[in-house]
Structure formats: C-alpha cells, structure tokens
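Structure first, then comments.
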Amino acid sequence: MSSEKRSILEGFGGGIGGGDESVSAGFTAARRHISDEETLTLTSVGVDIGSSTSHLVFSRLELEHQGSRYVITKREVLAESEILLTPYIDETTIDSDALGRFIDAQYDKAGLTREDVDTGALILTGVAVRRQNARAIADLFAREAGRFVAVSAGDALETTMAAHGSGAAGRSDEGRGTVMNIDIGGGTSKVAICDNGKVKEVTAIDVGARLLAMDGDNKVTRIEEAGRYYAKLEGIDLKLGRQMTDKELDAIVGRMADQLFDLVQLKQLPAEKKHLLRLPELTYQGKIDIVTFSGGVSEFIYAREPRNFGDLGPRVAKAIRQRIETLNIPVEVPTNGIRATVIGASQYTIQVSGSTIFIAPGHAVPVRNLPVIVPDFDLSADVLDPPAVAAGVKKALVRLGLEESETPVAVAFHWKGSASFARLDGFCKGVALALKAITEPKNGQGGHPIVMVNDGDIGGLLGLHLKEEMKIAAPVVSIDGITLEEFDYIDIGALIPSSGAVPVVIKSLVFPAEQKKKSG
Numbered sequence: 002m003s004s005e006k007r008s009i010l011e012g013f014g015g016g017i018g019g020g021d022e023s024v025s026a027g028f029t030a031a032r033r034h035i036s037d038e039e040t041l042t043l044t045s046v047g048v049d050i051g052s053s054t055s056h057l058v059f060s061r062l063e064l065e066h067q068g069s070r071y072v073i074t075k076r077e078v079l080a081e082s083e084i085l086l087t088p089y090i091d092e093t094t095i096d097s098d099a100l101g102r103f104i105d106a107q108y109d110k111a112g113l114t115r116e117d118v119d120t121g122a123l124i125l126t127g128v129a130v131r132r133q134n135a136r137a138i139a140d141l142f143a144r145e146a147g148r149f150v151a152v153s154a155g156d157a158l159e160t161t162m163a164a165h166g167s168g169a170a171g172r173s174d175e176g177r178g179t180v181m182n183i184d185i186g187g188g189t190s191k192v193a194i195c196d197n198g199k200v201k202e203v204t205a206i207d208v209g210a211r212l213l214a215m216d217g218d219n220k221v222t223r224i225e226e227a228g229r230y231y232a233k234l235e236g237i238d239l240k241l242g243r244q245m246t247d248k249e250l251d252a253i254v255g256r257m258a259d260q261l262f263d264l265v266q267l268k269q270l271p272a273e274k275k276h277l278l279r280l281p282e283l284t285y286q287g288k289i290d291i292v293t294f295s296g297g298v299s300e301f302i303y304a305r306e307p308r309n310f311g312d313l314g315p316r317v318a319k320a321i322r323q324r325i326e327t328l329n330i331p332v333e334v335p336t337n338g339i340r341a342t343v344i345g346a347s348q349y350t351i352q353v354s355g356s357t358i359f360i361a362p363g364h365a366v367p368v369r370n371l372p373v374i375v376p377d378f379d380l381s382a383d384v385l386d387p388p389a390v391a392a393g394v395k396k397a398l399v400r401l402g403l404e405e406s407e408t409p410v411a412v413a414f415h416w417k418g419s420a421s422f423a424r425l426d427g428f429c430k431g432v433a434l435a436l437k438a439i440t441e442p443k444n445g446q447g448g449h450p451i452v453m454v455n456d457g458d459i460g461g462l463l464g465l466h467l468k469e470e471m472k473i474a475a476p477v478v479s480i481d482g483i484t485l486e487e488f489d490y491i492d493i494g495a496l497i498p499s500s501g502a503v504p505v506v507i508k509s510l511v512f513p514a515e516q517k518k519k520s521g
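Shown next, in the form of structure tokens:
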C-alpha cells in the first residue's frame, strides 16, 4: 500500500496505536457487544468516491448472533443518492468543498443526520486515493472516524468488490458454473472470475468511458494518456479543443473494446500492449458459463441510462454489445450495475479470552482497521506443506491488493485436524513466508506484526511456535474464538491486565447482493 493510499487510513485511526489514549479513541464507537444482544439493527451508509463518479446509499441492517459473530439476516435500502460526476479543481485534485456539499445534501434528501447513522464504509478508488484527496475526503467524515471503515481500494480490491456487489460472486455459488463479471468504469475495466461464491482471479486494463471527454459540440475537454494511445493507433492526434467526428470516436472506442475483449476471451496481450494492464493477466483457461457487467458503462449496456455525460460511455456500451454476441455466452443482468459497491458496514465488539491467545510483545496491540484475508487452502491434510500454505496466503493477498500492504493484515482461517508439532510447523512457516514483505522492516521502519485469527482454540499454540520455535523477529498477535470473513476489518485492543483478554471490534463491509454466510 502506497503512502497515498495509507493517508485515508491514518485519518480514520488506522494502523498501530501506541497508548491508552489511542485505544480509547479507537473503541468509543463500538457500542454493541456480542454477548449483549441476540439481534442488532443498524443504520449504515456506503460512500463510494471514485475518479469518475461518487454516490452514497443508506441502508438498514438486521444482524443475528450466530456462533462467534453476527450474521446479516436482512438489509433494506433506505435511500440512494444521485450519481455525481466527481468534481475536480484541476486534473488530479478533487474539489472536496463541492463533494462535501453533495454529501450533506444527500443526507438531507435521505432524511438522516450524521448522528442517525450507526456505522458505514467510505470507499475511495482511482484518483481519490491520492494523498491530497484522501486527506481532504477523510476530513469530511472526521466525526465518523470511530464508526466508519475507511478503505483505499486499488485495482485488485476494487475488482473483487465489484464482483461481490454486482452479485456475480453470489451467482457463481448457485450451482450455475463460472461467472465472469466485467466492471467498466470511467478510467479502467476490471474482470473477475467467480466460482463457488468466491472471486478466484482478477485483472484490469486501461479501458473506460472517460479516457476522453467532450463538450456538447464534441470538442475534446479531457484526455487521459490511455485515450491518447488508442487514438494514436488510429492515426488521430488528440488535442484539447479538437472537434471529433463520430467516425473518429467510434474508431477509438473500437480499439478499446478490442483490447478488453482479448482479456474477456482469456487471450494474452502482445508485449507492446501490456502497458495497458493494471493487474497481471488472467491465467484461468476454463469455461465461462455466465457474463455480467457492472460499473457506470453497464447502465448503457443494459439500456438503463438515456443520458449522455459528455464521454464515451454510450459508444463503449454499443461496441461491447456487438462483441459479446459473438462469444455465445449468456449475458445476465447484475443485481447492481453502477451501484455495485458496498451499501455500508456492520459493526460489533467481542472480548477474546486471554487463556489461549498469544501476543508478543505486549505493545504489539492495539492495532486498528486491519483488513482480513481468508486464504483458500486445505488444513485437514495430515501434512501441511509450507509452500502450499504460502501460496494460499499470497493468492488471497493479491486478490485484495494487499501483497505489499504497509499496514498489518489479519490472516483468518478454520483449523482442522490435530495440532501436532509438524502440522503447526508447516502452517506457521507457510504463513511467515507469505507475509515476509509485510513483516520485514523497510525504509528505516520496523516491520508489521504477524496477525492470525482462528475460530478454534489454538491461538496460543500458533503464537508460541512462531516465537519460541521459529524465533520470528516480528511481533506476533495470534487470537482465537473468532470467525472472520473477507471484507471484514478488525480492531484489536490492548491487553486487559486483569484477565489477559483483548477487545476486538469487527467491522464488515456489506454488499447489496449477498448475505454473509456462517463459517465453519
């Protein structure tokens, strides 16, 4: 995670705390304890601010206590904001004043005040994650800092979130095969392969509706570098103020659509075009059973948006429709198109027993706003192979864009089988290997802790093995008795001296199309 992306988390109390004062500030808004109530009702808001568009959605969430976590049993959208073309002061600086007025107006329109909202999620993508933008946007939500999950989403995480928010991941869990979700926005197009309810692989390319923008007379008002590249392939010299013909615009869009469909058809791009990729190419070569589209351009693909926003959106949609017909793959309507994002976040707290957890050194906590990964590996085998465990962890990190995270990452898992020395050793070595880039010191700063969370009772054994047997230099935080899922974010508080327990706040991103499943 770059310093630009980290700034939004800093503004919301993210990262590693250092004392009692910061602990108190971090947990004042976690008002519900898992042992207090069987059901919870929360008012939540999801705020999505991107390079091209920004919008909000307000929702009411009902949660039920199941096992060691709350599970969402009902979600009701209370209000959806207008779609705002993200305002800019210059090419890269978002006009935070104009954005703030828009946000305040949408709260008023929904009939809600800031105090009415229990919790929420602020998602920044594209240009919005740049340092100056992220800090200014964080200031707009300063009073919600303790209640909101703040997420700076890179291309991989944004692609994964779109696949869940569109319903593609959930659709793949209905026994209908492999689903490809194609999210086409203003600057990039993102492709996710979904199977058995999970996002297996993602990629992204510079194809989008606002790589080129025009006024009402088709005079160019905005040019992105990728837009200039596609125009050059057609022998068109783009300049601000140039009046474009329909033929020229269609030619540029045709080039863009061709590049996107090379990815959709699982082809490898030639070397001279790989600079267009934002993520590694897909390695999946199997059958695609269903295609869904999300993102702003999807509104044109499914003929739900009649307006023209002075960009390439309608033309891109037309080119996509023409090409998708040649693939002979069923195209289905997503649960959400341009609003394929989170509708808010749930939040509750739990106190973890001090009898089986391991934290060393003690000042390794508190930590806040840790993203959770749930690797897909088999822990029931008699022998746990360190490279296989590492591969599972790395794949989960890549899927959420966390492979070089500059904040700690929590590895969540369900332990199966015995806790023999050999099995603990294989597992711990694999996790440590996969997290090496995150836990090793760099740039004169100390490394981040290894954080592991399981739903059983072996947290202490794993932590002891890492520290005592493997002599891991990095701090170790290993806690148990908690079931976590991807798109959870956790705060782990300081040790309570009297019991050795720690308070843990669990904040979960909530998507409109899916329901959290009970793990285990």
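Going by the numbering used here, the sequence shown opens with residue 2, and the numbers climb by one from there. Glycine included, each C-beta is placed from N, C-alpha and C at the ideal position. Owing to the predicted nature of the structure, the values given are computational and were not obtained by experimental measurement.
N-terminal and C-terminal residue of the beta strand (DSSP E) that K508 is part of: 503-511
Since G47 and V503 are thought to touch, with beta carbons under 8 Å apart, how far apart are those beta carbons, to the nearest angstrom? At roughly 29 Å, the Cβ-Cβ gap does not stay under 8 Å, so G47 and V503 are not in contact.
Beta bridge counterpart(s) of S479 as assigned by DSSP: Bridge partners of S479: F359, M453.
Look up E333 in the DSSP assignment and give the residues it is bridged to. E333 has T293 as its beta-bridge partners, per DSSP.
Since F103 and L85 should fall inside the 8 Å C-beta cutoff, what is the C-beta to C-beta distance between them, to a whole number of angstroms? So it is a contact: roughly 5 Å between Cβ atoms.
If you count every other CB in all the chains shown that lies within 10 Å of the CB of V452, and 16 or more means buried, which is it? buried
Among G402, L462, V118, which residue has its Cα nearest to the Cα of S356? The residue with the shortest Cα to Cα distance from S356 is L462.
Please return the same chain residues whose Cβ sits closer than 6 Å to the Cβ of A30, not counting the five positions on each side in sequence. Bear in mind that the predicted position of A30 carries a pLDDT of just 36, short of 50, making it unreliable; the figure below should be weighed with that in mind. The residues are G147, R148.
Distance between S381 and K417 (C-alpha atoms, nearest Å): 5 Å
Mind listing, in chain order, the continuous beta strand (DSSP E) runs of no fewer than 3 residues lying wholly within the segment 394-456? Taken in chain order, the complete beta strand (DSSP E) segments of 3 or more residues contained in the segment 394-456 are 411-414, 451-455.
Contacts around R316, its chain only, beta-carbon distance under 7 Å, and the 5 residues preceding and following it disregarded: L250, D251, V254
Suppose you measure from the CA of V506 to the CA of Q348; what does that come to, to the nearest Å? When only Cα atoms are considered, V506 and Q348 end up about 7 Å apart.
Distance check for L234 and F512, CA to CA, integer angstroms please. 39 Å
DSSP beta-bridge partners of Q67: R70
Going by DSSP in three states, L113 sits in which element: helix, strand or coil? Coil, per DSSP.
Which one or two residues does DSSP pair with K220 in a beta bridge? Q244
Would you check if the distance between the CB atom of T160 and the CB atom of D196 is smaller than 8 Å? no
Would you check if there are 3 or more beta carbon pairs closer than 8 Å linking the segment 132-148 to the segment 66-78? no
Pairwise C-alpha distance: A210 and D312: Whole-angstrom Cα-Cα distance: 6 Å.
Out of curiosity, what's the CA-to-CA distance linking E404 and Q133? 24 Å
Can you tell me which of S173, G188, G187 puts its alpha carbon nearest to the alpha carbon of M181? S173
How about the segment 383-394 and the segment 424-434: do they share at least three Cβ pairs that are nearer than 8 Å? yes
To test your reading of the DSSP string, which unbroken beta strand (DSSP E) runs of 3 or more residues are found completely within the segment 124-205? 149-154, 180-185, 190-196
If contacts are defined as beta-carbon pairs under 8 Å, then L277 and I206 qualify, I think. What distance do you get, rounded to the angstrom? Indeed they touch by this definition, with Cβ atoms about 5 Å apart.
E22, buried or exposed, once every other Cβ within 10 Å from all chains shown has been counted against 16: Below a pLDDT of 50, predicted positions are generally treated as unreliable, and E22, at 31, falls in that range; no measurement from the model is reported.
How close, in whole Å, do the beta carbons of S60 and S82 come, if the pair is a contact with beta carbons under 8 Å? With a Cβ gap of about 12 Å, S60 and S82 do not count as contacting.
Quick one: is E77 buried, meaning 16 or more other Cβ sit within 10 Å of its Cβ, or exposed? The Cβ neighbour count for E77, taken over all protein chains shown within 10 Å, is under 16; the residue is labelled exposed.
Taking the Cβ atom as the reference point for each residue, do A318 and G464 lie within a distance shorter than 8 Å? no
In whole angstroms, what separates the C-alpha of G176 from that of P331? 15 Å
If contacts are defined as beta-carbon pairs under 8 Å, then L100 and L141 qualify, I think. What distance do you get, rounded to the angstrom? About 7 Å separates the two Cβ atoms, so the contact holds.
Any idea if G236 is buried or exposed, counting beta-carbon neighbours within 10 angstroms, 16 or more meaning buried? exposed
Alpha-carbon spacing of V24 relative to P367, whole angstroms: Model confidence at V24 stands at a pLDDT of 29, short of 50, so the residue's coordinates are unreliable; what they give is reported in the following sentence. Taking the straight line from one Cα to the other gives about 6 Å.
With 16 other CB atoms within 10 Å as the buried threshold, where does I90 fall? exposed
Contact with chain C by K75, beta-carbon distance below 8 Å: The question asks about chain C, but that chain is absent: this structure has only one protein chain.
Output needed for P376: all residues of its chain with C-beta closer than 6 Å, excluding positions within five of it in sequence on either side, in chain order. G393, V394, A397
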